[in-house]
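See below for the structure under consideration.
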Amino acid sequence: MIELKNLSKSYNKGKVKAVNNLSLTVQPGEIFGFLGPNGAGKTTTIKMIVGLLKPDKGSIMLNGLCNQGHPLKCKSMIAYIPEDPEIYDRLTGLEYINFIGDVYGTPAKVRTTLTEKWSEIFGLTNAINQSIKSYSHGMRQKIILIGAIIARPEIFILDEPLTGLDPKSAHSLKEIMHEHCKQGKTLFFSTHIMEVAEKLCDRIGIINNGELMACGTMDELKYMSKNSESLENIFLEITEK
Ligand SMILES: Nc1ncnc2c1ncn2[C@@H]1O[C@H](COP(=O)(O)OP(=O)(O)OP(=O)(O)O)[C@@H](O)[C@H]1O
Ligand SMILES: [Mg+2]
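With the numbering used here applied, the sequence shown corresponds to residues 25 to 265, in that order.
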């Protein structure tokens, strides 16, 4: 469960208000889609949730624990897929996976089974022993995703995870997202792909200029916007106000 209360963050000594008094809750077992134009404040919000940025104001509770009071416990509950897949590129794919497995305490057998399964699905089997330096952008994303899967967290936070993935891998990722939510885990992701958000999410939040403009199920958003049927139209209507 993720509970954000009155979250605010600004940059450049208050000149850029990136997130302004944002409150929302994501229940266990829920897929929550976070939408907004470029520069709306999605990544800033996500970085505060995972503990990479400190909010100016407000609180973040993860499964009932405050992420500032219990930073390590909170981090151990989360797997985070960042916007830019910049990782330790001197390691091989497998060394990276084992490093993540050690950090999260995943048993060796589980680690091996999941790594074999997902490197096969993502077409990384032949590259797993190569240095990450030689990986393409999409391959880096995939190795980070495998790391997140073997971490087996309670909460997945993904910042534009589908960007740069080929259609087959994107399809597999959507299946993983579904699977984890069925197990009662919480999933929060940002995206610019309206069709994916519409199909995959239980609830959707739309942020613009740092403020949460709308939040709810697809039906609730449709009801709010009155004229719009598709999420794309709802998004355009809300963000152009
Ligand atoms: N490190 C920083 N220093 C100063 N301003 C920043 C910094 N990071 C983000 N910003 C500003 O904060 C605002 C929100 O940025 P953020 O990266 O959270 O947006 P976003 O919704 O993730 O956008 P995108 O869809 O392009 O990824 C923007 O105005 C951005 O220019
Ligand atoms: Mg971003």
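C-beta atoms are modelled at their ideal positions from N, C-alpha and C, and glycine is treated no differently.
Distance cut-off 8 Å: V40 Cβ against heavy atoms of ligand 1: For the purposes of this step, residue 40 is taken as residue 16 along the sequence shown, with counting starting at 1. V40: yes, Cβ under 8 Å from ligand 1.
Cβ shell of K29 (< 6 Å), same chain only, five flanking positions each side left out: As a working note, residue 29 is residue 5 in the sequence shown. Counting only Cβ-Cβ distances below 6 Å, and skipping sequence neighbours, we find S47, G82 and S83.
Residues of its chain near I55, where Cβ-Cβ distance is below 7 Å and the 5 sequence neighbours each way are ignored: Looking up residue 55 in the sequence shown gives position 31. The residues are M201, C205, L211, L224, C225 and D226.
Within 7 Å of ligand 2: residues by beta-carbon to any heavy atom: K66, T67, E107, D183, E184 and S214
H325: CB within 8 Å of a non-hydrogen atom of ligand 1: The question about residue 325 has no answer here: the residues shown for the chain are numbered 25 through 265.
Outcome for N351 when other beta-carbon atoms lying within 10 angstroms are tallied against a minimum of 16: In the structure displayed, the chain extends from 25 to 265; residue 351 sits before or after that span and is not available.
Distance cut-off 8 Å: A64 Cβ against heavy atoms of ligand 1: By 1-based counting over the sequence shown, the position of residue 64 is 40. A64 Cβ: within cutoff of ligand 1.
Closest Cα partner of L115 within the set L59, I167, S254 and E253: Locating residue 115 in the sequence shown gives position 91, counting from the first residue. The shortest Cα separation from L115 among L59, I167, S254 and E253 belongs to I167.
Local Cβ density within 10 Å of E144, reported as buried at 16 or more and exposed below that: The count along the sequence shown starts at 1 and reaches residue 144 at position 120. Result: exposed.
Separation of D80 from K37, as counted between CA atoms: One-based indexing of the sequence shown puts residue 37 at position 13. One-based indexing of the sequence shown puts residue 80 at position 56. Each residue's alpha carbon lies about 11 Å from the other.
9 Å Cβ cutoff met for T136 and P185: Walking along the sequence shown from the start, residue 136 turns up at place 112. Walking along the sequence shown from the start, residue 185 turns up at place 161. Cβ atoms of T136 and P185: not closer than 9 Å.
6 Å Cβ shell around T149 - same chain, five flanking residues per side excluded: The sequence position of residue 149 within the sequence shown is 125, counting from 1. Only S143 meet the Cβ criterion.
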